[in-house]
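So the sequence shown is numbered by the working numbering: it starts at 266 and just counts up by one. Note that CB positions come from ideal geometry on N, CA and C, so glycine has one too.
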Amino acid sequence: MKSVLVIGMGRFGTYLARRLAELGNQVMIADKNEDTVNRLSHYFTDAIIGDCSREEVLEEIGVNNFDICFVTMGESFQSSLEVTSLLKDMGAKYVVSKSGSEIQSKFLLRNGADEVVYPEMDLAYKTAIRFNADNIFDFIKLGADYGVFEIKVPREWVGKDVVKANVRKEYG
């Protein structure tokens, strides 16, 4: 179980925070919209209403106490960049920021983000691979050159282990 802070409760931030909570993590949410925070707060360990681009709000939260801080603000790239930088300056252990483009990703990485997620590109990449072949059900990218595929098992492999199915001999 990890201690997680999610800043920005738009669609992506809300889905992310809820899934992290479902997986057993302690999740705190933060957003400047009071109605949004009040609507979602019962799903999470803690919630705060505040503008996280203000240093005093982040100090109150205690960002250095979280294993991971997610910046999922989408309305203003400048705000996202500022919050990312502030989090790192204030001792956040690991910062993951949402990006809307490749150039934004570069700026976020140069200004404090340990990792960047670019949902539209990531999902488009995964969807293209998934639907490029008839027998692929799912795909997880592990790096530039590696991935794990969930595939339809060929009939001749059913009931056999990897060695008996000659997977290495046939496919390397």
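Local conformation of residue i per DSSP, three classes
i	result
M293	strand
S364	coil
K406	strand
E340	coil
V328	helix
V428	coil
A398	coil
A286	helix
V348	helix
V418	coil
Pairwise C-alpha distance: residue j and residue i
i	j	result
S364	K429	45 angstroms
V432	G408	22 angstroms
A295	M274	7 angstroms
L323	F396	42 angstroms
V328	K434	51 angstroms
L374	E421	47 angstroms
K308	V427	Per the sequence shown, the amino acid found at residue 308 is Tyr instead of Lys. Roughly 42 angstroms separates the two Cα atoms.
T279	F372	24 angstroms
R304	V418	44 angstroms
D403	F414	6 angstroms
E340	N298	12 angstroms
A312	K406	32 angstroms
T310	V271	12 angstroms
Assigned exposure category for residue i - 16 Cβ within 10 Å defines buried
i	result
G424	exposed
E320	exposed
M293	buried
A282	buried
L388	exposed
Residues bridged to residue i [DSSP beta-bridge criterion]
i	result
V423	Paired residue(s): none; V423 is not in a bridge.
G412	K406
F335	V271 and V361
D311	M293
V302	For V302, which the question treats as bridged, DSSP gives no partner whatsoever.
E435	Answer is none; E435 lacks a bridge partner.
Cβ-heavy atom distance, residue i to the ligand COA, below 7 angstroms
i	result
M355	Here there are no bound small molecules, and the ligand COA is not part of this structure.
Touch test, the segment 322-339 against the segment 352-360, Cβ-Cβ under 8 angstroms, three pairs minimum: yes
Looking at C-beta atoms only, is the number of pairs between the segment 341-360 and the segment 375-386 that lie closer than 8 angstroms three or more? yes
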